[in-house]
Amino acid sequence: MANQMDFTKVVAHAKEYGFVFPSSEIYDGLAAVYDYGQLGVELKNNIKQYWWQAMVQMHENIVGLDSAIFMHPRIWKASGHVDAFNDPLIDNRDSKKRYRADVLIEDHIAKMEEKIEKEVEKGRKRWGESFDEAQFRATNQRVLEHQKKIDEIHTRFAELMNANDLDGLKQLILDLEIVCPISGTRNWTDVRQFNLMFATKMGSVIDDSDTLYLRPETAQGIFVNFLNVQKSGRMKVPFGIAQIGKAFRNEIVARQFIFRMREFEQMEMQFFVRPGTELEWFKHWKEERMQWHQALGIPAECYRFHDHEKLAHYANAATDIEFRFPFGFKELEGIHSRTDFDLSRHSEFSGKKLQYFDPELNESYTPYVIETSIGVDRMFLAVFSHALKEETLEDGSTRTVLSLPTRLAPYKAAVLPLVKKDGLPEKAREIQHLLMPEMMVQYDEKDAIGRRYRRQDAIGTPFCITVDNDTLNDNSVTVRHRDTMQQERVSIDNLLNYLRK
Ligand code: GAP
Numbered sequence: 331m332a333n334q335m336d337f338t339k340v341v342a343h344a345k346e347y348g349f350v351f352p353s354s355e356i357y358d359g360l361a362a363v364y365d366y367g368q369l370g371v372e373l374k375n376n377i378k379q380y381w382w383q384a385m386v387q388m389h390e391n392i393v394g395l396d397s398a399i400f401m402h403p404r405i406w407k408a409s410g411h412v413d414a415f416n417d418p419l420i421d422n423r424d425s426k427k428r429y430r431a432d433v434l435i436e437d438h439i440a441k442m443e444e445k446i447e448k449e450v451e452k453g454r455k456r457w458g459e460s461f462d463e464a465q466f467r468a469t470n471q472r473v474l475e476h477q478k479k480i481d482e483i484h485t486r487f488a489e490l491m492n493a494n495d496l497d498g499l500k501q502l503i504l505d506l507e508i509v510c511p512i513s514g515t516r517n518w519t520d521v522r523q524f525n526l527m528f529a530t531k532m533g534s535v536i537d538d539s540d541t542l543y544l545r546p547e548t549a550q551g552i553f554v555n556f557l558n559v560q561k562s563g564r565m566k567v568p569f570g571i572a573q574i575g576k577a578f579r580n581e582i583v584a585r586q587f588i589f590r591m592r593e594f595e596q597m598e599m600q601f602f603v604r605p606g607t608e609l610e611w612f613k614h615w616k617e618e619r620m621q622w623h624q625a626l627g628i629p630a631e632c633y634r635f636h637d638h639e640k641l642a643h644y645a646n647a648a649t650d651i652e653f654r655f656p657f658g659f660k661e662l663e664g665i666h667s668r669t670d671f672d673l674s675r676h677s678e679f680s681g682k683k684l685q686y687f688d689p690e691l692n693e694s695y696t697p698y699v700i701e702t703s704i705g706v707d708r709m710f711l712a713v714f715s716h717a718l719k720e721e722t723l724e725d726g727s728t729r730t731v732l733s734l735p736t737r738l739a740p741y742k743a744a745v746l747p748l749v750k751k752d753g754l755p756e757k758a759r760e761i762q763h764l765l766m767p768e769m770m771v772q773y774d775e776k777d778a779i780g781r782r783y784r785r786q787d788a789i790g791t792p793f794c795i796t797v798d799n800d801t802l803n804d805n806s807v808t809v810r811h812r813d814t815m816q817q818e819r820v821s822i823d824n825l826l827n828y829l830r831k
C-alpha cells in the first residue's frame, strides 16, 4: 500500500537526500531562492533534456536558442513589462503580512472546490461500485450550490481583474470574508499594484538610461532574435524557437517551496505561424504538451486544463496545464496564443521590421505566435512530489520510495557488492565502469544490503545490481527493481542491453 507524502515531508526529503537546499542557508537563507544539490541537479538536467529532445530534437522545424539574461531596457518597455507586469498586493494590518489579492481569492475558490471533492468522495463511499460520478456532480444539491457560488465568484473576479479594478478586488475579499491566515482578521489595507521585475545598473554612470532588468521570462530573447534565427536558419513559417534559461521575478507571495521562486528556470517555445491559423496551432500545442506530460507515466487524473477567463490584452486564447500538487491543482505550464503583439511591438520600438516573406502566399506579414512555457523547477516539484511515497510492505515494515520515471531518475543504477571481501568489490567496480559511459551509476558497499536498497529507493534509483559470490562463477548479477522489489538474474554480458530496454 502506498501513501503520498504530505508537503512538509516532501521538502524535508528533498533536503535530506541532496535534491534541494535553501539558498545561503548558513546565513539563514534567502527567501524564495533555492540551490539544487548533487541529486537535484541530475533530476533537473534530465527534465531539461526530456523537454529539449521532445521540442527540438523531434521537430525539424523547431530550433534552439540561448539568449543573454541582460537585454536592452527598451525591450521591457515594448513587451509591456515595465508598465504592466504587476501583482495586486494587499497587507493585513494586524499580522503585517503581505499577500497577492488574486491569490487570496483563488485560494478561497480552491477551498470551495475541495468541498465539492469531499461531497464526491462521500458519494463514492456510499454508493460503491454503482457510483456514477458525472451524474452525482450534475444532480447533487450541495455540489450544485457550491458550484453556483464558485461560478459567481469566478465571473466577478474575472471582470475585476480585466478592468484592473483594485477597489473592487478589495471589496470582493471583504465580501467573501477572507481572513489573514496568520492573524485571522479582516483588517485589510487597500490593494496596490507592485512591479515584479528586478532592476540593476550597467556600467559606471548612474542615471536612468543604464537601468537594466533581470529578464522575467525567456520569451523576449526569442522575439528579438526572430529575424536572426529565421534568416540564418532559413526557417519557413510555421517554425519554432525554443529556449531554456533563468528568469527572475520579485514575487511577493513567494511560498510553497520551489513552486514560486524569485530566481527560477523556464523552458519556453515560441511557434511562429500564419495569421489566421493560430487557433488551430493553439489546439495542436495544447494536445501535444499534454501528451508530453502524460508520456512520463504519471496518471492522467493528475493533470487538467484550465482555460483563462482573464486574457491578456494581446492574447486570443490561453490555457494552463494544471498539476495536482500536494497543495491542490495549480499551474504547471502555460500555453498562449499571443497574436502578433510581441513582434509588432518590437518592430515599433526598435524601428526594425520584424516580418516574414511567405513564398507560398507571395506576401509579407508579421507572424502570429503560439507560446508554450513551463517552469523547470515547477516540473521538478510535480514529478518529485508525485513520486515520493511511503509504502507499507507485506511484512508490516515501511519503506520510503521515490518512484521517479526512469528517464528522469538521477541515477539509473546502483552497483552493490554483497560483502566487502572475496573479490566482490573489485567485480562490482568492473561493472560500475562498464555502465558509467552510458548512464549515471552509483557504487555503494557500506551497510547491510537491505539498508543499501532502501537508500537507493529513497533517491529513486530504478535498478540495484547486486554482485554476490555466484557472480564470480556464473558471470551474472541480481537486478532488483525499485518499484516491484522483484529480483532477477541477468548475465553481465547482457546487462547493458537489459538496462537500456
Ligand atoms: N512567457 C510566458 C510566461 O512567462 P508565465 O505563466 O508567467 O508565462 C510560465 O510563466 C511558467 O513559468 C509557469 O507556468 C510556471 O511553470 C513558471 N513560473 C512562473 N513564475 C514562476 C516562479 N515565480 N517560480 C517558479 N516557476 C515559475
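Take the sequence shown: its letters are residues 331 to 831, numbered as in the working numbering.
Backbone N, C-alpha and C fix where the C-beta goes; we use that ideal spot for every residue, glycine too.
| query | result |
| --- | --- |
| Under 8 Å between C-beta atoms of Pro511 and Leu526 | no |
| Those residues which DSSP pairs with Asn422 across a bridge | Trp518 |
| Cβ contact check for the stretch 348 to 363 and the stretch 387 to 399: 3 or more pairs under 8 Å | no |
| Local conformation of Thr796 per DSSP, three classes | strand |
| C-alpha distance - Phe461 paired with Ile789, whole-angstrom precision | 38 Å |
| Cβ-Cβ distance between Glu598 and Ala549 below 8 Å | yes |
| Inter-residue spacing [alpha-carbon to alpha-carbon] between Val713 and Gln368 | 17 Å |
| Phe687 burial status per 10 Å Cβ neighbour count (16 or more: buried) | exposed |
| For Gln817: DSSP bridge partner residues | Arg810 |
| Backbone secondary structure at His476 - three-state DSSP | helix |
| Close beta carbons around Arg668, own chain, < 7 Å, minus the five adjacent residues each side | Tyr644, Ala645, Val699, Glu701 |
| Length-filtered (3 minimum) beta strand (DSSP E) runs lying within the stretch 699 to 777 | 718 to 722, 728 to 732, 743 to 747, 771 to 773 |
| Expected contact under 8 Å - CB spacing of Thr515 and Val521 to nearest Å | Incorrect: roughly 17 Å between the Cβ atoms, too far for contact. |
| Residues bridged to Thr541 (per DSSP) | Lys531 |
| Beta-carbon contacts of Ile795 that lie in its chain and below 6 Å, excluding the five residues immediately before and after | Ala743, Val745, Val807, Val809 |
| Contact test: Phe657 Cβ vs the ligand GAP heavy atom, cutoff 7 Å | no |
| Counted within 10 angstroms of its Cβ, other Cβ atoms place Arg423 as buried (16 or more) or exposed | exposed |
| Rounded distance between the beta-carbons of Leu802 and Ile779, thought under 8 Å | At roughly 17 Å, the Cβ-Cβ gap does not stay under 8 Å, so Ile779 and Leu802 are not in contact. |
| Heavy atom of the ligand ATP within 7 Å of Ala549 beta-carbon | This structure lacks the ligand ATP; its bound ligands are the ligand GAP. |
| Inter-residue Cα distance where the pair is Gly575 and Ile552 | 11 Å |
| Closest residue to Phe793 among Tyr783, Asn799, Asp800 (Cα-Cα distance) | Tyr783 |
| 8 Å Cβ shell around Lys479 - same chain, five flanking residues per side excluded | Met442 |
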